[in-house]
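Just below is one structure, and these are the notes that go with it.
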Amino acid sequence: MEVYCTRPGCPRPLNFFADLDDVSTLRTVQQKFCMTCGMPLLLAGRYVPLKLLGKGGFGAAFLARDRYTPTMRACVVKQFQPAASLSPAQLQTAQALFEREAQVLESLGNKHPQIPDLLAFFEVDAASSTPGKTERFFYLVQEFIDGETLEEELARRGPFSEAEVLEVLREILKVLAFVHENGSIHRDIKPSNIMRRKDGRLFLLDFGAVRQVTASAGSSGGQASTGIYSMGFAPPEQMRGDVVYPATDLYALAVTCLMLLTGKQPAELYDSYANEWKWRSHAQVSDRLAAVLDQMLLPTPSQRFQSAEEVWNALKGPTVASAAAPLPSPTAPAAAVAPAAATA
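Residue 1226 is where the sequence shown starts when you use the numbering used here, and the numbers rise one by one after that.
Structure representation (structure tokens):
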């Protein structure tokens, strides 16, 4: 059986253990260590990393098996991997964001079928390459969604039809209504953070950038900070590091729709000289959908729709190629969230 080492920078992370091919041995063995760097491989004594899924932001993600479940359930293990160039303050912020993702997944994922469930959150201490020292690594484990992201789907098959984009809107607006109703803003909506499971169901991923609404949000709104955003998808208030709103997520969702409709990157659709989106010549859609997307993309939050339900209500009508039941109504659609330092 191949087991992947999760130590950042391990030169030969793939390990092979013939004895682990026996299921009874896999379930009962106490621990295995990387043959190159000595890193413990069975994380929390339970999770067996099989391969690297990807790296980004402050972490890496691994496909793993939970050896303490009857079916050796597949799961995703995320490891906090900060860049060596971070200052102490940036490192502290990055770690807080990682811990926040675990908290949000626990509070939201276990309550909504289209947000991955949190399965575990733990630390692992391992001997450092420096003699006599140890390193501490932070992990979270979440439900594995077997499918492909909308970014991968777009690259594989090309632009989406209007009906397909409306279906994406319907599903993700439902998730955002729930997220906003529970006092959170996602802040990183983009095609790579939306996964389509093999059965067709869409999931919203990567809650590391999420910001919780707090009672003191207004008092900290004037603090200088670095905004959390993905270039091209973030609206002006987020790029400035100002407070963010449900309308901030709606802006990013609209940019996501433009990318799906046109197959083009946001930078190809935004006129930086005129400070406006120029996308209509690249996609043939109904006037109603075009008008809704344009309103979601307005530069000022108050000019946009204020809730996911408002967007869907605006989309319903004779000129839209899809119909659906009303979305759940957020209880606090206009809540604002103070900025927090993070990564781009």
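For every residue, glycine included, the Cβ atom is placed at its ideal position computed from N, Cα and C.
Looking at C-beta atoms only, is the number of pairs between the region 1365-1380 and the region 1480-1495 that lie closer than 8 Å three or more? yes
Exposed or buried, Ser1532, counting other C-beta atoms within 10 Å across all chains shown (16 or more means buried)? Stepping through the sequence shown from its first residue, residue 1532 is reached at position 307. It is buried - the Cβ of Ser1532 has at least 16 other Cβ atoms within 10 Å.
Whose CA, out of Pro1233, Cys1262 and Leu1330, lies closest to the CA of Phe1287? Residue mapping note: residue 1287 aligns to position 62 of the sequence shown, counting from 1. Per the Cα distances, Pro1233.
Quick check on the DSSP output: the beta strand (DSSP E) that includes Met1484 runs from which residue to which? In the sequence shown, residue 1484 corresponds to position 259, counting from 1. That residue, Met1484, is in no beta strand (DSSP E); its alpha helix (DSSP H) goes Pro1471 to Thr1487.
Between Arg1421 and the ligand FMN, is the CB less than 8 Å from at least one heavy atom? Because no ligand of any kind appears in the structure shown, any question about the ligand FMN cannot be addressed here.
By how many angstroms is the C-alpha of Phe1258 removed from the C-alpha of Thr1525? The count along the sequence shown starts at 1 and reaches residue 1525 at position 300. The count along the sequence shown starts at 1 and reaches residue 1258 at position 33. Rounded to the nearest angstrom, the two C-alpha atoms are 53 Å apart.
If you reduce the DSSP assignment to three classes, tell me which class Phe1347 lands in. Taking the sequence shown and counting its residues from 1, the one referred to as residue 1347 is at position 122. Of the three classes helix, strand and coil, the one that applies to Phe1347 here is strand, per DSSP.
Pro1238 to Tyr1229 span [Cα, whole Å]: Taking the first residue of the sequence shown as 1, we reach residue 1238 at position 13. Taking the first residue of the sequence shown as 1, we reach residue 1229 at position 4. When rounded, the distance between both Cα atoms is 5 Å.
Just verifying my parser: in three-state terms, what is the DSSP assignment at Asp1246? The residue given as residue 1246 occupies position 21 in the sequence shown. DSSP places Asp1246 in helix when its eight states are reduced to three.
Sequence-distant residues of the same chain with beta carbon closer than 7 Å to Asp1246, five excluded per side: Numbered from its first residue, the sequence shown carries residue 1246 at position 21. The residues are Met1226.
Spatial neighbours of Leu1365 in its chain, beta-carbon cut-off 6 Å, leaving aside the 5 residues before and after: Within the sequence shown, residue 1365 is the residue found at index 140, counting from 1. Excluding residues within five positions, the ones whose Cβ falls inside 6 Å are Lys1303, Ala1327 and Phe1346.
Taking the alpha helix (DSSP H) that Met1464 belongs to, which residues open and close that run? Counting from 1 along the sequence shown, the entry for residue 1464 is found at position 239. Start and end: Pro1461 to Met1464.
Three or more beta-carbon pairs under 8 Å between the region 1336-1344 and the region 1379-1389, yes or no? no
Would you grab the beta carbon distance between Leu1475 and Val1393 for me? Rounded to a whole angstrom, and I think it's under 8 Å. Numbered from its first residue, the sequence shown carries residue 1475 at position 250. Numbered from its first residue, the sequence shown carries residue 1393 at position 168. The pair is not a contact, with the Cβ atoms about 13 Å apart (cut-off 8 Å).
In the DSSP output, what is Ala1539 paired with across the bridge? On the sequence shown, residue 1539 is found 314 positions in, with the first residue counted as 1. None; Ala1539 has no bridge partner.
Which of the three DSSP states, helix, strand or coil, is assigned to Met1420? Locating residue 1420 in the sequence shown gives position 195, where the first residue counts as 1. Secondary structure of Met1420 (DSSP, three-state): strand.
Beta-bridge pairing of Asn1240 - partner residues as DSSP gives them: Along the sequence shown, read from residue 1 onward, the residue named residue 1240 stands at position 15. Answer is Val1228, bridged to Asn1240.
Cα-Cα separation, Leu1369 to Arg1513: Start at 1 with the first residue of the sequence shown, and residue 1369 comes out as number 144. Start at 1 with the first residue of the sequence shown, and residue 1513 comes out as number 288. In the sequence as displayed, the identity of residue 1369 is Phe instead of Leu. Those two C-alpha atoms are separated by around 36 Å.
Among residues of its own chain, excluding the 5 on either side of Ala1548, which ones have a beta-carbon nearer than 7 Å to its beta-carbon? Stepping through the sequence shown from its first residue, residue 1548 is reached at position 323. Only weak support exists for where Ala1548 lies, its pLDDT of 38 falling under 50; the coordinates are left without a value.
Buried or exposed (CB count within 10 angstroms, at least 16 for buried), Arg1426: Numbered from its first residue, the sequence shown carries residue 1426 at position 201. The residue is exposed, with fewer than 16 neighbouring Cβ atoms inside 10 Å.
Extent of the continuous beta strand (DSSP E) run through Thr1359: Counted from its first residue, the sequence shown places residue 1359 at position 134. In the DSSP assignment, Thr1359 falls within the beta strand (DSSP E) that extends over Thr1359 to Glu1368.
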